[in-house]
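Enquirer:
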Amino acid sequence: MGRDRTVIAVDIGNSRIKIGRFETPAAPLPLPSGVLEVEPHGEPFEQRLAAWLTAAGSQKFNWVIASVNRSLKDRLVHCVGSELGGDVLRTLTFKDLNLRIDLPQPEHVGIDRLLAAVAANRLRDPQRPAAVIDIGTAITVDAVSAEGVFLGGAILPGIRMSARALCQQTDLLPDIELIQLEDPPTPIGKATSQAIHSGLFWGALGAVRELVARYTETLDAAPQVVLTGGAAPQVARLLSAETLYEPHLVLSGMALTAESM
1 MGRDRTVIAV
11 DIGNSRIKIG
21 RFETPAAPLP
31 LPSGVLEVEP
41 HGEPFEQRLA
51 AWLTAAGSQK
61 FNWVIASVNR
71 SLKDRLVHCV
81 GSELGGDVLR
91 TLTFKDLNLR
101 IDLPQPEHVG
111 IDRLLAAVAA
121 NRLRDPQRPA
131 AVIDIGTAIT
141 VDAVSAEGVF
151 LGGAILPGIR
161 MSARALCQQT
171 DLLPDIELIQ
181 LEDPPTPIGK
191 ATSQAIHSGL
201 FWGALGAVRE
211 LVARYTETLD
221 AAPQVVLTGG
231 AAPQVARLLS
241 AETLYEPHLV
251 LSGMALTAES
261 M
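Numbering of the sequence shown is given in the numbering used here, commencing with residue 1 and proceeding in unit increments.
1) Start and end of the beta strand (DSSP E) containing Glu37?
2) Report the CB separation of Ala207 from Ile159 in whole angstroms; it is logged as a contact under 8 Å.
3) Is His248 buried or exposed, if buried means 16 or more other CB atoms sit within 10 Å of its CB?
4) Give me the DSSP bridge partner(s) of Asn62.
5) Reducing DSSP to helix, strand and coil, say where Ala146 ends up.
6) Which residue wins for smallest C-alpha separation from Thr91, given the options Glu259, Ala9, Pro233?
7) Quick test of the definition: if touching needs 3 or more C-beta pairs under 8 Å, does the region 10-17 touch the region 34-41?
8) Nearest to Ala191 by alpha carbon, out of Pro174, Trp202, Leu205?
9) Could you give the distance in angstroms between the alpha-carbon of Thr170 and the alpha-carbon of Ala51?
10) Could you check what DSSP says for His157 in three-state terms: helix, strand or coil?
11) Gln180 by DSSP, collapsed to three states: which one?
12) Of the choices Pro223, Ser252, Arg209, Ala213, whose alpha-carbon is the least far from that of Arg237?
13) Can you give me the start and stop residues for the alpha helix (DSSP H) that Thr218 sits inside?
14) Using the C-alpha atoms, what's the distance from Gln234 back to Gln180?
15) According to DSSP, is Thr140 part of a helix, a strand, or is it coil?
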């Protein structure tokens with residue numbers, strides 16, 4: 001891809017599209033100069049994307065797309081192809097990544113997990129393995145060896161998904177509104193909604209801690225934790241002091257990949 005062009009990285013998830021603009025490489029990790037987040041199921045993201053790009057100035061872009069949602073990816077590709085002619089567009093697969101993958105079927109691993117590992121390899125202590133944690137719609141806890149090899153990991157329901165399941169699969173439990181947490185919830189809830197909030201947050205944190213402990217045993221070394229995702233800032237404060245928090249880890253992994261293509 002032409003390196004003289006600005007890179008637009010698009011991370012298409014199941015409930016959100018995150019778009020980052022990268023204008024210059026940076027060490028150790030490229031960081032976006034601008035980020036647009038949209039929830040496509042509640043708004044026509046094409047108009048917001050066009051306005052965001054217009055504000056960035058008249059130029060051609062290199063687009064890299066990572067998607068775990070095929071229908072949303074098709075919408076975005078159509079938008080880019082029909083209204084932003086002349087841009088270079090590439091949908092990433094595991095074969096594009098500068099990452100060794102020790103799995104029998106790497107094509108079946110979410111590309112977002114692999115891209116987070118690409119970025120984590122730039123951030124972690126090169127002498128230590130890493131636990132790469134993304135707290136999103138699902139929570140993923142992945143292991144990267146000290147040699148930089150993606151080893152696999154664990155997937156569990158995210159906080160919002162778990163809250164929705166409690167409401168839908170029971171008769172009396174309410175559908176609580178999960179706001180962005182500024183502080184962790186009190187562990188002993190005095191009302192049903194507080195109890196659910198406590199169970200979801202502290203349960204997720206406990207699962208993450210336990211998986212990191214199991215990885216320590218398996219890898220024969222304590223992994224450096226690299227954290228991203230919506231509730232990650234709150235979780236980071238409750239893990240070890242050396243936890244690395246990067247809000248745009250997947251986007252940065254995409255920018256690194258674009259630089260090497």
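Note that the Cβ used here is the ideal one computed from N, Cα and C, for glycine as well.
Expert: Looking at the atomic coordinates:
1) In the sequence shown, counting from the first residue as 1, residue 37 sits at position 37. Element bounds for Glu37: 34-38.
2) Numbered from 1 along the sequence shown, position 207 holds the residue referred to as residue 207. Numbered from 1 along the sequence shown, position 159 holds the residue referred to as residue 159. Not quite, the Cβ-Cβ distance comes to about 11 Å (not below 8 Å), so this is no contact.
3) One-based indexing of the sequence shown puts residue 248 at position 248. The residue in question, His248, is buried, as its Cβ has 16 or more Cβ neighbours within 10 Å.
4) In the sequence shown, the residue the question calls residue 62 occupies position 62. Asn62 pairs with Val7, Val88.
5) For the purposes of this step, residue 146 is identified with residue 146 of the sequence shown, where counting begins at 1. In the three-state scheme derived from DSSP, where H, G and I count as helix and E and B as strand, Ala146 is classed as coil.
6) Counting from 1 along the sequence shown, the entry for residue 91 is found at position 91. Among Glu259, Ala9, Pro233, the Cα nearest to that of Thr91 belongs to Ala9.
7) yes
8) As a first step, residue 191 must be located in the sequence shown, where it is residue number 191. Checking every option, the nearest Cα to that of Ala191 belongs to Pro174.
9) Walking along the sequence shown from the start, residue 170 turns up at place 170. Walking along the sequence shown from the start, residue 51 turns up at place 51. Going from the Cα of Thr170 to the Cα of Ala51 covers about 43 Å.
10) Here residue 157 refers to the residue found at position 157 of the sequence shown. Checking the displayed sequence, the identity of residue 157 turns out to be Pro instead of His. Three-state DSSP puts Pro157 in a strand.
11) For the purposes of this step, residue 180 is taken as residue 180 along the sequence shown, with counting starting at 1. For Gln180, the predicted model reports a pLDDT of 49, less than 50, meaning its position is unreliable; a value from the coordinates is still stated below. The three-state reading of DSSP puts Gln180 in coil, since its state is none of H, G, I, E or B.
12) Within the sequence shown, residue 237 is the residue found at index 237, counting from 1. When each option's Cα is compared against that of Arg237, the closest is Arg209.
13) Counting from one through the sequence shown, the residue named residue 218 turns up at place 218. Note, Thr218: alpha helix (DSSP H), 192-219.
14) The sequence position of residue 180 within the sequence shown is 180, counting from 1. The sequence position of residue 234 within the sequence shown is 234, counting from 1. Bear in mind that the predicted position of Gln180 carries a pLDDT of just 49, short of 50, making it unreliable; the figure below should be weighed with that in mind. Between the alpha carbons of Gln180 and Gln234 lies a distance of about 10 Å.
15) Locating residue 140 in the sequence shown gives position 140, counting from the first residue. Correct three-state label for Thr140: strand.
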